[in-house]
Amino acid sequence: MQEKIYNWGILGPGKIAKKFAEALQHPTVSRRCKLYGVASRDLERAVDFAETFKAEKAYGGYEQLIQDPEVDIIYIATPHAFHFELAMACILNHKHVLVEKPMSLNREQTHFLVEKAIEHNTFLMEALWTRFLPMTESILDDIKHNKLGDIRFIKSDFGFPAPNVPSGRLFNPRLGGGSILDVGIYPLFLCLLILGDFTEAVITGTLSDQHIDLNCQAVLKYKNGATALIASAIDTQLPITTEITGTKGQIRIPCPWYKNDHYYLKTTQNDHSEKVQLPAHTNGFEYEILEVIDCLDKGLIHSAKWETAASMILAEQMDRLLEKLAVKHPYTCHPFSDRLNTPPRI
Ligand SMILES: NC(=O)c1ccc[n+]([C@@H]2O[C@H](COP(=O)([O-])OP(=O)(O)OC[C@H]3O[C@@H](n4cnc5c(N)ncnc54)[C@H](OP(=O)(O)O)[C@@H]3O)[C@@H](O)[C@H]2O)c1
């Protein structure tokens with residue numbers, strides 16, 4: 001039987017959309033995927049992007065692409081604040097959705113999306129691409145095979161000095177700005193993957209004059225007694241490294257840990273660190289795309305590797321941390337949401 005070619009649509013042809021479109025051209029991916037259409041708030045931008053990446057259709061509005069019957073799956077690559085509205089619009093139009101991280105601005109929105117995706121039998125996944133990299137698979141395998149013993153401590157951070165543009169997506173509260181939602185999500189995701197949900201959190205950080213978190217440092221405690229020390233920043237360069245320490249060994253992932261193709265493993269039986277080298281990747285996004293294809297082929301509506309249930313816990317964790325820091329993101333609304341009959345804001 002001939003394998004299905006999935007028609008992808010991209011909403012928001014910005015920085016990350018370009019990387020994603022490049023990954024769609026990766027040979028392992030392009031034999032099963034086609035970049036069918038791209039939508040921008042500006043038709044010229046959509047046309048430029050479509051020409052660069054050889055998409056068939058370019059739309060000067062998101063709604064048109066969402067309603068195009070030829071589209072199988074939509075990648076949402078807009079700032080965080082619009083993920084909820086757009087993902088909801090996709091689901092209501094029976095489109096499968098891969099939505100950039102974070103899935104939405106908070107737990108309520110994420111829960112609602114997951115509920116609606118189940119109701120409409122549409123695939124939904126948060127694009128936490130690190131989860132699908134060979135490095136992450138290999139580390140999970142080491143942990144499963146008890147190379148580290150019981151995990152006692154994780155230290156992980158992600159931070160960089162972003163140019164302070166108050167209206168930009170990183171600093172503007174209305175676009176879901178702040179370090180936790182943008183980069184703190186990576187250390188949190190890794191800790192969740194390895195240790196599960198935390199039971200206690202102590203957090204400190206610095207807020208901007210617009211009340212978004214410029215940086216944060218948190219100590220998290222887990223049911224089994226393990227702890228994690230995480231940090232995020234959009235105003236400071238952090239090491240961007242990770243250490244996972246267990247009773248029998250340690251893994252050290254050098255910078256940039258969230259997209260690396262190697263790490264170092266040291267066990268109590270071995271005095272020196274062993275370098276674990278994984279295959280080099282194009283830009284890493286090809287692995288999450290392959291996971292999506294696999295799920296769609298199998299008729300699954302979520303990935304077993306990064307479940308929507310995990311996205312809900314992650315969203316709740318970020319809510320808890322942001323609440324402790326007194327960060328609040330005002331909800332924003334897309335102009336076409338009424339026409340698409342999007343449910344009322346929650
Ligand atoms: N997985 C990763 O490694 C990774 C890395 C970076 C970012 N991300 C995620 O990807 C998403 C987009 O990040 P990005 O850095 O690509 O963002 P970006 O370039 O600043 O914006 C992406 C696009 O969103 C659209 N957009 C819609 N409404 C907008 C508004 N009110 N203001 C600004 N842009 C708006 C714009 O496209 P049009 O105006 O043309 O429609 C813009 O080009 C974020 O959620 C982020 O967390 C993921």
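Oh and the sequence shown: position 296 is 296 in the UniProt record's numbering, straight run, nothing missing. All C-beta atoms in this analysis are idealised placements derived from N, C-alpha and C, irrespective of residue type, glycine included. Quick caveat, the model's predicted, so the values are computed rather than measured.
Per DSSP, the bridge partner or partners of residue i
{"i": "C33", "result": "Y6"}
{"i": "S232", "result": "F158, C216"}
{"i": "E126", "result": "V99"}
{"i": "A58", "result": "V38"}
{"i": "E274", "result": "L265"}
{"i": "T245", "result": "F153, Q250"}
{"i": "L207", "result": "D213"}
Three-state class that DSSP yields for residue i in the structure shown
{"i": "A39", "result": "strand"}
{"i": "I240", "result": "coil"}
{"i": "V202", "result": "strand"}
{"i": "R169", "result": "coil"}
{"i": "H334", "result": "The pLDDT assigned to H334 is 48, lower than 50, so where the model puts this residue is not dependable; a value taken from the coordinates is nonetheless given after this. Correct three-state label for H334: coil."}
{"i": "T110", "result": "helix"}
{"i": "I346", "result": "The predicted model places I346 with a pLDDT of 33, which falls under 50 and marks its position as unreliable, so this point remains unresolved."}
{"i": "K221", "result": "strand"}
{"i": "L148", "result": "coil"}
{"i": "I301", "result": "coil"}
{"i": "T308", "result": "helix"}
{"i": "T28", "result": "helix"}
{"i": "T282", "result": "coil"}
{"i": "L290", "result": "helix"}
{"i": "L325", "result": "coil"}
Check: residue i C-beta below 7 Å from any heavy atom of ligand 1
{"i": "P13", "result": "yes"}
{"i": "A306", "result": "Residue identity differs from the one stated: residue 306 is Trp in this sequence, not Ala. Every heavy atom of ligand 1 is 7 Å or more from the Cβ of W306, so no."}
{"i": "residue 349", "result": "With the chain running from 1 to 346 in the structure shown, residue 349 is simply not present."}
{"i": "T78", "result": "yes"}
{"i": "E100", "result": "yes"}
{"i": "L105", "result": "no"}
{"i": "D213", "result": "no"}
{"i": "I180", "result": "no"}
{"i": "D42", "result": "yes"}
{"i": "L175", "result": "yes"}
{"i": "F112", "result": "no"}
{"i": "A315", "result": "no"}
Cβ neighbour criterion (16 or more within 10 Å) applied to residue i
{"i": "M1", "result": "exposed"}
{"i": "A304", "result": "exposed"}
{"i": "N7", "result": "buried"}
Element boundaries [alpha helix (DSSP H), containing residue i]
{"i": "I139", "result": "134 to 144"}
{"i": "Y186", "result": "185 to 195"}
{"i": "I74", "result": "First-last for I74: 73 to 76, but that is the beta strand (DSSP E), not the alpha helix (DSSP H)."}
{"i": "C90", "result": "83 to 92"}
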